[in-house]
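Participant: First, the structure itself, so that you have it in front of you.
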Amino acid sequence: MRSSTSFLNRISVFLITSLLFLPGCASVKAGPAAAGPVVGANFRVAVYPVANLSGARAPLKETRRMLTEMLRAKGMAVLSDEELETFLARHRIRYLGGLSAEESEWMKGEMAVDAVLITSFEHYDEVFPPKIALTARLVSTGIKPVILWGGSSALAGDDSEGILALGLIEDPGRLLEKAVGGLSDSLTGYLSGKEERLKGASWRAVVRRGTEETGQGPPFYFTAEAEGGRVHIGPFGPKSYYEAPFLAPGKRYSIVVAPFLNASADRDAGDIVRLQFVAQLAAIKNISVVEPGVLREKMLTSRIIMLDSVSLADADLIFEGLNADLILTGKVEDYYDYQGPNGTPHVRFSVSLIERKGGRMVWTSDSSNTGDDRVVIFDFGKIRTAQGLASRMIRVIVEELFSGPLIQERPKGVS
Amino acid sequence: MMRKTRFLAVFLMAVLTACAGAGHLSNWHDESMDFGAVKTVAVMPFANLTQLQQAGGRVRDTFMSMLMATGGVYVLPPGEVARGIARAGIADPTAPSSEEVVKLCGIVKADAVITGVVKEYGEVRAGATFGNIIALDMSMLEGQSGRVVWTASAEEGGVSMKDRLLGPSGKPINDITVQALNEIINKLFK
Numbered sequence: 000m001r002s003s004t005s006f007l008n009r010i011s012v013f014l015i016t017s018l019l020f021l022p023g024c025a026s027v028k029a030g031p032a033a034a035g036p037v038v039g040a041n042f043r044v045a046v047y048p049v050a051n052l053s054g055a056r057a058p059l060k061e062t063r064r065m066l067t068e069m070l071r072a073k074g075m076a077v078l079s080d081e082e083l084e085t086f087l088a089r090h091r092i093r094y095l096g097g098l099s100a101e102e103s104e105w106m107k108g109e110m111a112v113d114a115v116l117i118t119s120f121e122h123y124d125e126v127f128p129p130k131i132a133l134t135a136r137l138v139s140t141g142i143k144p145v146i147l148w149g150g151s152s153a154l155a156g157d158d159s160e161g162i163l164a165l166g167l168i169e170d171p172g173r174l175l176e177k178a179v180g181g182l183s184d185s186l187t188g189y190l191s192g193k194e195e196r197l198k199g200a201s202w203r204a205v206v207r208r209g210t211e212e213t214g215q216g217p218p219f220y221f222t223a224e225a226e227g228g229r230v231h232i233g234p235f236g237p238k239s240y241y242e243a244p245f246l247a248p249g250k251r252y253s254i255v256v257a258p259f260l261n262a263s264a265d266r267d268a269g270d271i272v273r274l275q276f277v278a279q280l281a282a283i284k285n286i287s288v289v290e291p292g293v294l295r296e297k298m299l300t301s302r303i304i305m306l307d308s309v310s311l312a313d314a315d316l317i318f319e320g321l322n323a324d325l326i327l328t329g330k331v332e333d334y335y336d337y338q339g340p341n342g343t344p345h346v347r348f349s350v351s352l353i354e355r356k357g358g359r360m361v362w363t364s365d366s367s368n369t370g371d372d373r374v375v376i377f378d379f380g381k382i383r384t385a386q387g388l389a390s391r392m393i394r395v396i397v398e399e400l401f402s403g404p405l406i407q408e409r410p411k412g413v414s
Numbered sequence: 000m001m002r003k004t005r006f007l008a009v010f011l012m013a014v015l016t017a018c019a020g021a022g023h024l025s026n027w028h029d030e031s032m033d034f035g036a037v038k039t040v041a042v043m044p045f046a047n048l049t050q051l052q053q054a055g056g057r058v059r060d061t062f063m064s065m066l067m068a069t070g071g072v073y074v075l076p077p078g079e080v081a082r083g084i085a086r087a088g089i090a091d092p093t094a095p096s097s098e099e100v101v102k103l104c105g106i107v108k109a110d111a112v113i114t115g116v117v118k119e120y121g122e123v124r125a126g127a128t129f130g131n132i133i134a135l136d137m138s139m140l141e142g143q144s145g146r147v148v149w150t151a152s153a154e155e156g157g158v159s160m161k162d163r164l165l166g167p168s169g170k171p172i173n174d175i176t177v178q179a180l181n182e183i184i185n186k187l188f189k
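First to last, the sequence lines map onto chains A and B. All residue numbers for the first sequence refer to numbering that gives the first Met the number 0, where the first residue is 0 and numbers rise by one. All residue numbers for the second sequence refer to numbering that gives the first Met the number 0, where the first residue is 0 and numbers rise by one.
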């Protein structure tokens, strides 16, 4: 009897100790996994000033300084502030939210920089519990800038409160450090080749082609048709979607993420959702994402004005000018972040994907979620930032489109 | 006495049934129209008669992806429709005239145009109880002649008897919208 009580006591002590330490071990979700080339020690990066899409005052300089220091601490060569300022002034570069083809060439030729890190502040709220959302992407320099890595970090002070609120973060500075640390870890992981890219879409395309040819099995393996336009792919999947088979096996696709129309109350919601798509698509192995700065330059020079999403005439111009295969665009209807401890974020957007070959829409979906959607008891599983919520919703779409692990009706004999 | 009680019970049931919120759908098809010939449609911006500014856009986006998801017709991208509207010089895209429809279909190469009116969208109250409601009308205009070939109206949600007795069900507006649009789409293809 005594030994049994002692054993139970030991288990209790172990469980309590685990509960005390677990919140501290909670890691930052720094966006999707990234590609992994191993770069040399002389790989040089320029860290652009942080863009503010939060609609409020945010510690932009502090964030950039932290990012630079963390990258330097990990042995990366970072362009000095003086050199960067001189470069920007010399070429009169004012737009720092992207990198045009011309700027990319200058950066490579004049400064010997291999890549530019472009970071945006998407949410910053100091009111207790603090909330922070950051997105970053690494763009290669040279004649054709390509997005090498993309990541995001959305944190709230009460994300991992834990027992007796020991995991609660009250200091916005500490939360910022955690968010920036997560991003720099993910980036250096990519550069050192430790992180793997998401697999890609080869088997799925083969399956689809086979189905088209044989005429067997459910059409296209999407459940929308069977369920009358209603699909549930987990709690964050689109509420309804259409998908036509378009992927050719083994082909590398170049995708342009066009600006999203913003009909929400948040001034920058269109840009935030767009950047999330850019970051997550960059993680797919057989997808090459066109840098938004290059698209911006093309739209300005071609005088493309988007009335309500991309027209087919504009799409043709973009396809031709940027040699792209796909254009992804959409509309943000709702994007809400709450302040303080009580509330829930909600996000709603629609997405369409236009293919160059057929000049048709091959994907259209409508997504709507709140931060409470996977909460069953208390607040377990609650998402506290709109960016974190949008990130999960977008991940389902990107994976459904290009990587295929979420297909519900996988045919027999296909691994 | 017994008769009076029975009468009262029947009367109460009739009143309560009349008060109950329930789905309602009306539908009309032009018998002479070959709907199989409609392969590509342009969904026009929906007229919004509700207080919520974004209601028309929200319902239109959901309707477009749901209509595409049926696999029955191809829906033109909204940007292409906007280009067509601008080129055709349609003053009020929510209610185009027959001539404007013909012109638009020629520009964007559509077989038909779908218009819609969102009459109610959002929360509705009945005493202490509340619920979400949607009411909308839709029409299809044929691209060759610009005549109306299909109309439907649907209403979903509201405050039902169950809500009155057991409290509001809290069904999200998105679910109610999908339900109403599903009914409309089902009627279109019948």
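Virtual Cβ for every residue (Gly too), placed ideally from N, Cα, C.
With H, G and I counted as helix, E and B as strand and the rest as coil, what does DSSP make of F348(A)?
Facilitator: Note: F348(A) maps to strand in three-state DSSP.
Participant: With DSSP as the reference, label K130(A) as helix, strand or coil.
Facilitator: It is a strand residue.
Participant: Give me the residue from P128(A), G149(A) and E125(A) with the minimum Cα distance to T134(A).
Facilitator: That would be G149(A), whose Cα lies nearest to the Cα of T134(A).
Participant: Following the continuous beta strand (DSSP E) through G130(B), name the residue where it begins and the one where it ends.
Facilitator: Unbroken beta strand (DSSP E) run through G130(B): T128 to E141.
Participant: Measuring alpha carbon to alpha carbon, tell me which of D378(A), T140(A), E68(A) and A268(A) ends up nearest N341(A).
Facilitator: Minimum Cα distance to N341(A) is reached at D378(A).
Participant: 8 Å is my cut-off, CB to CB: does A90(B) come that close to chain A?
Facilitator: By this cut-off, A90(B) is not an interface position.
Participant: In terms of alpha-carbon separation, which member of N26(B), G126(B), M139(B) and Y120(B) lies closest to K38(B)?
Facilitator: The shortest Cα separation from K38(B) among N26(B), G126(B), M139(B) and Y120(B) belongs to M139(B).
Participant: Output yes if chain B places a C-beta closer than 8 Å to the C-beta of R207(A); else output no.
Facilitator: Low per-residue confidence applies at R207(A): pLDDT is 35, beneath 50, and the placement is therefore not dependable, though the value from the model is reported in the following sentence. Not closer than 8 Å to any Cβ of chain B, the Cβ of R207(A) fails to qualify, so no.
Participant: Look at the alpha carbon of K170(B) and the alpha carbon of Q178(B), and state the distance between them as a whole number of angstroms.
Facilitator: Between K170(B) and Q178(B), the C-alpha separation is close to 11 Å.
Participant: By the criterion of Cβ-Cβ separation under 7 Å, what are the contact partners of S64(B) in chain D?
Facilitator: Looking at the structure shown, chain D is missing, and the protein chains on hand are A and B.
Participant: So what's T176(B) in DSSP terms, helix, strand or just coil?
Facilitator: Looking at T176(B) - three-state DSSP - the assignment turns out to be helix.
Participant: Considering only the alpha carbon of each residue, which of P128(A), M106(A), R89(A) and L147(A) lies closest to K284(A)?
Facilitator: Comparing Cα-Cα distances from K284(A) to each of P128(A), M106(A), R89(A) and L147(A), the minimum goes to L147(A).
Participant: How should W362(A) be labelled, buried or exposed, when 16 other C-beta atoms within 10 angstroms of its C-beta is the threshold for buried?
Facilitator: By the neighbour-count rule (16 or more Cβ atoms within 10 Å), W362(A) is buried.
Participant: Whole angstroms is fine: what's the gap from T328(A)'s alpha carbon to I117(A)'s?
Facilitator: About 21 Å.
Participant: Would you say D372(A) lies against chain B (beta-carbon separation less than 8 Å)?
Facilitator: No - not a single Cβ of chain B is within 8 Å of the one on D372(A).
Participant: Restricting to Cα atoms, I'd like to know which of K356(A), F348(A), T343(A) and E61(A) is closest to V374(A).
Facilitator: It is T343(A).
Participant: If you measure from the beta carbon of P95(B) to each beta carbon in chain A, is any gap under 8 Å?
Facilitator: Chain A, which has no Cβ nearer than 8 Å to the Cβ of P95(B), makes this no.
Participant: Mind checking whether S152(B) and S64(B) have CB atoms under 8 Å apart?
Facilitator: Their beta carbons are not under 8 Å apart, which means S152(B) does not touch S64(B) by this criterion.
Participant: D60(B) touches chain A at which residues, Cβ-Cβ below 8 Å?
Facilitator: Ordered by position in chain A, the residues that pass the 8 Å Cβ test against D60(B) are K330, E332, S349 and D365.
Participant: Measuring only the C-alpha atoms, how far is N181(B) from Y47(A)?
Facilitator: Each residue's Cα considered, the two are about 48 Å apart.
Participant: So what's S364(A) in DSSP terms, helix, strand or just coil?
Facilitator: If DSSP states are grouped into helix, strand and coil, S364(A) belongs with the strands.
Participant: Check each candidate in S152(A), P129(A) and S185(A) and name the one with the smallest Cα separation from R173(A).
Facilitator: Of S152(A), P129(A) and S185(A), the residue nearest in Cα terms is P129(A).
Participant: Grab me the residues of S139(A)'s own chain with a C-beta within less than 6 Å of its C-beta, minus the 5 sequence neighbours each way, in chain order.
Facilitator: Closer than 6 Å at the Cβ level, and outside the excluded window around S139(A), lie A114, V145 and L147.
Participant: Give me the chain A residues within the contact set of G156(B), using Cβ-Cβ distance strictly less than 7 Å, ordered along the chain.
Facilitator: Near G156(B) there are no residues of chain A at all, since even the closest Cβ is about 16 Å away, more than 7 Å.
Participant: Let me check understanding here. Comparing Cα to Cα, which of R359(A), G387(A), G370(A) and S239(A) lies closest to P76(B)?
Facilitator: Checking every option, the nearest Cα to that of P76(B) belongs to R359(A).
Participant: Just to confirm the assignment, what range does the beta strand (DSSP E) spanning L165(A) have?
Facilitator: Unbroken run through L165(A): none, as it is neither H nor E.
Participant: I254(A) touches chain B at which residues, Cβ-Cβ below 8 Å?
Facilitator: Within 8 Å Cβ-Cβ: nothing; I254(A) doesn't reach chain B, min ~16 Å.
Participant: With three or more beta-carbon pairs closer than 8 Å as the criterion, would you say the segment 266-285 of chain A touches the segment 84-92 of chain A?
Facilitator: Judged by Cβ distances under 8 Å, the segment 266-285 of chain A makes no contact with the segment 84-92 of chain A, as fewer than three pairs qualify.
Participant: Mapping DSSP to helix, strand and coil, what is I146(A)?
Facilitator: Three-state DSSP puts I146(A) in a strand.
Participant: Would E104(A) and L52(A) qualify as a contact pair, given that the criterion is a beta-carbon distance under 8 Å?
Facilitator: It is not a contact, given that the beta carbons lie outside the stated cut-off.
Participant: Quick one: Cα of L187(B) to Cα of E399(A), how far?
Facilitator: Their Cα atoms are separated by approximately 29 Å.
Participant: Provide the residue span of the alpha helix (DSSP H) that contains E101(A), from first to last.
Facilitator: Run containing E101(A): A100 to M110, per the alpha helix (DSSP H) assignment.
Participant: Between R43(A) and the rest of its own chain, which residues show a CB-CB distance below 7 Å, the 5 nearest in sequence each way excluded?
Facilitator: Once the five neighbours on either side are set aside, the close Cβ partners of R43(A) are A76, L78, A111, V112 and D113.
Participant: Listing by chain order, which chain A residues have their CB less than 8 Å from the CB of R163(B)?
Facilitator: The premise fails here: R163(B) is roughly 26 Å from chain A at the closest Cβ pair, so nothing lies under 8 Å.
Participant: What separation, rounded to the nearest whole angstrom, lies between the Cα atoms of K250(A) and V74(B)?
Facilitator: Their Cα atoms are separated by approximately 27 Å.
Participant: Using the Cβ count rule (16 or more neighbours within 10 Å means buried), how would you classify W149(B)?
Facilitator: That one is buried.
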